[in-house]
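In order, the protein sequences belong to chains A and B.
When you line the first sequence up against this note's numbering, it's residues 1 to 228, in that order.
When you line the second sequence up against this note's numbering, it's residues 1001 to 1231, in that order.
The beta-carbon is built from N, C-alpha and C at its ideal position, and this holds for glycine as well.
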Amino acid sequence: MKQPFTAWLAGAWAVFEKDLRLELRSRYAVGMLLMFVPASILLILFATGQEPLSPRIQSGLLWIVILFAASIGLGRSFVSEEDRGTVLLLRLHTRASMVYAGKLLFNFLLILLLETVAVFTMIVLLNIQVAHSGLLASTILLGSLGLAGATTLLAALIARAATRGPLLPVLLFPLLVPLLISVVAATRHALEGGFGWGASGEALTTLAAFAGVVITAAVLLFDFVWND
Amino acid sequence: MATPGKTYKRLRNIVLAWLTLVVLGGFLLDIPRINILEHTARNLYFHVPMWFTMMAAFFVSAWHSARYLSSLDRVRDTRALEAARVGAIFGILGLVTGIVWARFTWYVGQGIWWNFDPKQTMAAVQLLIYGAYFTLRASVEEPEKRARIAAVYNLFAAACVPFLLYVLPRQMESLHPGAEGNPAFSDITHPIMRVVFYAAVIGFIGLFWVLYTQRVRLAALNERADDIPES
């Protein structure tokens, strides 16, 4: 007989492992993100030309690309379950919070990959200088936690709604305004340099608090989305 | 709920009479002439209460969404929807009165319509959330599923929005009171303005209550009419 918590962890891990295996089989989400991010950054490059961009605009563009990529790439995580008719099986074998945790972990890793690709593409194509890489890394880590928490819940909502495609950005963007403001401020500090950890402390604590509140609310509300 | 009781009618009449007095007082009572503001200071009675009312509507809507999830009572869903609808109207009015006010006082020489003011931005975000809420509702056919999904989204939004209160003022400068050296009421504010202002806040929240309860009644009557088989 396992302990309840280890059983829960095992269940969440199983959901994550299933998603990972399916993704490695089809490589749909990863492939789409790997195409979407460089394509949109190239578009930015063509649109802005040789004009040097200030760190503020660079960090704004970076996060807008990330938000759009996340909102179209992660919407599928629950839709595919509905399409394949595997929802009932998942519902029978796992508790709602396990499904949420497993999908959250998968989406978090997907967003981290997407952000790494976005940052390196921008460094190469748009000549971004990173002055404070530790700050940038922690901003990306905390930002993607909040982003993944919100997207995972809303993707589950969308999967229950009838028209699935373009709804996720509409639902997601207004809720992410606080995240976007803090994350852009911290990224700008990381690109400009000369600010250090102290100046960005407020933005980082806001990001951590946002991620905490979003994930807590999502875990509480996920039951109502998942179970009929 | 379909037929209003005596107390409801009496309260509704009180609200309407009260608002009439507020509008009369707001336009007719004498106010001190402050440089730049002049007579536009009267907008205080209309612009600020719209904002208060929208926040009240947001809380009412979120409260009924939470009650819906715990009780699964259809009336709760109707109440959450109608509070959001009326709240969105007040939000649009608050935003428009604010934009016009700022355009013709502070920005009169510059021609700026939209400035990145924390409260303005927050009102805009709030309106976007209302829009998303209505769009989400429109995308689901089945009433029970729609009610549940909409309630979850409404509550999730209620968890995210308070961050704006914390984040925005640190990022942007504000015309609004509450910022440094800019108290809500200063010494130059005439005492009569405070009285009219508080009366206006109560009056517009009362108006919200009247409109909201009427809309809920209408929705309940429509539902009942749908249940009657056609003969």
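Can you list, in chain order, the residues of the segment 154-174 of chain A whose Cβ is nearer than 8 Å to any Cβ on chain B?
Residues passing the 8 Å Cβ filter: Leu154, Leu157, Arg160, Ala161, Ala162, Thr163, Leu167, Val170, Leu171, Phe173 and Pro174.
Chain A residues whose Cβ lies nearer than 9 Å to that of Thr1135(B):
Here the neighbours are Leu167, Val170 and Leu171.
Leu61(A) versus Lys1009(B): straight-line alpha-carbon distance, rounded:
Computed Cα separation, rounded: 55 Å.
Collapsed DSSP secondary structure at Arg1033(B) in the structure displayed
DSSP places Arg1033(B) in coil when its eight states are reduced to three.
Give me the chain D residues within the contact set of Ala218(A), using Cβ-Cβ distance strictly less than 8 Å, ordered along the chain.
Annotation note: the requested chain D is absent from the structure, which comprises protein chains A and B.
Please compile the residues from chain A whose C-beta is within a distance smaller than 7 Å of the C-beta of Lys1145(B).
What Lys1145(B) touches in chain A: Arg160.
What does a CB cutoff of less than 7 Å around Asn1013(B) pick up in its chain, not counting 5 residues either side in sequence?
Contacts found: none.
Residues that Val213(A) contacts on chain B, provided the C-beta gap is smaller than 8 Å
Within 8 Å Cβ-Cβ: Ala1159, Cys1160 and Phe1163.
For Ala1225(B), would you say it is in contact with chain A, using Cβ-to-Cβ distances shorter than 8 Å as the test?
Ala1225(B) does not count as touching chain A.
Can you check whether the CB of Ile1205(B) is closer than 8 Å to the CB of Thr1053(B)?
In this structure, Ile1205(B) lies closer than 8 Å to Thr1053(B) by Cβ.
Is the shortest distance between the beta-carbon of Thr121(A) and the beta-carbons of chain B less than 8 Å?
Interface with chain B (8 Å Cβ-Cβ cutoff): Thr121(A) is excluded.
Can you list, in chain order, the residues of its chain whose CB lies under 7 Å from that of Leu199(A), leaving out five sequence neighbours each side?
It is worth fixing the name first, because residue 199(A) is Ala in this sequence and not Leu. The residues are His189.
Please list, in chain order, all residues of the same chain as Val1161(B) whose beta carbon is under 6 Å from its beta carbon, the five residues on each side excluded.
Nothing listed; no residue qualifies.
Proximity of Val214(A) and Ala118(A) at Cβ, strictly below 8 Å
No, these two residues do not count as a Cβ contact at 8 Å.
Output needed in chain order: residues of the segment 198-213 of chain A with a Cβ under 9 Å from some Cβ in chain B.
Listed by position, the residues of the segment 198-213 of chain A near chain B (Cβ gap below 9 Å) are Glu202, Ala203, Thr206, Ala209, Phe210 and Val213.
Report buried or exposed for Trp63(A), applying the criterion of at least 16 other Cβ atoms within 10 angstroms of its Cβ.
By the neighbour-count criterion, in which 16 or more other beta carbons inside 10 Å mark a residue as buried, Trp63(A) falls on the buried side.
Taking Cβ positions only, does Phe108(A) come closer than 8 Å to chain B?
Interface with chain B (8 Å Cβ-Cβ cutoff): Phe108(A) is excluded.
Pro55(A) versus chain B: which residues are under 8 Å apart at the beta carbon?
At a C-beta separation below 8 Å, Pro55(A) has no neighbours in chain B, since its nearest C-beta there lies roughly 16 Å away.
Does the beta carbon of Ser1140(B) sit closer than 8 Å to a beta carbon anywhere in chain A?
Reading the sequence as shown, one finds Val at residue 1140(B) and not Ser. Yes, Val1140(B) counts as interfacial toward chain A.
Kindly say whether Leu221(A), judged by its beta-carbon, lies nearer than 8 Å to any beta-carbon of chain B.
The beta-carbon of Leu221(A) is placed less than 8 Å from the nearest beta-carbon of chain B.
Which complete alpha helix (DSSP H) runs does the segment 1070-1152 of chain B hold, if anything under 4 residues is left out?
Taking only runs of at least 4 residues, the alpha helix (DSSP H) segments lying wholly in the segment 1070-1152 of chain B are 1074-1103 and 1118-1138.
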